[in-house]
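Undergrad: The following block contains the structure, expressed as structure tokens.
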Amino acid sequence: MHFRDNSLKQETSKELFNLAFRKSGIKKKIKPRNISTRQQKRRSLAIKKAVIFKEQLQYKINKAKWKYISKKERKNIWDRVNENTIK
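Sequential numbering of the sequence shown, starting at 5, is according to this note's numbering.
Pasting the structure below:
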């Protein structure tokens, strides 16, 4: 995944966060003063989990990107070596 525009990248990370948060079954928009302490704890825990999920996914995306790039670079290096041996 290559992001040309920074706003697209931010939008995608927002979607990831919302997806992880939605799975917890807690409404994000409710103000803390209107919910019980148990729900507040669940809400804060869900936010932490959503952030961790988003970071892990971003790490996997970046790792895959670097793996692909390094694989490409290795291929180019071996192509150059083979060209030099043929000459």
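Positions of the beta carbon are idealized from the N, C-alpha and C atoms, including for glycine. As the structure is a prediction and not an experimental result, all values here were calculated from the model.
In angstroms with no decimal places, state the Cα-to-Cα distance between M5 and I51.
TA: Reliability fails at M5, whose pLDDT of 45 lies under 50, so the model's placement of it is uncertain and no value is given.
Undergrad: Going by other Cβ atoms of all chains shown within 10 Å of its Cβ, with 16 needed for buried, is K75 buried or exposed?
TA: K75 is exposed by the Cβ-count criterion.
Undergrad: Three-state secondary structure (DSSP) at I65?
TA: Three-state DSSP puts I65 in a helix.
Undergrad: To the nearest angstrom, how far is the alpha carbon of W82 from that of Y72?
TA: Using only the alpha carbons, I get a separation of about 16 angstroms.
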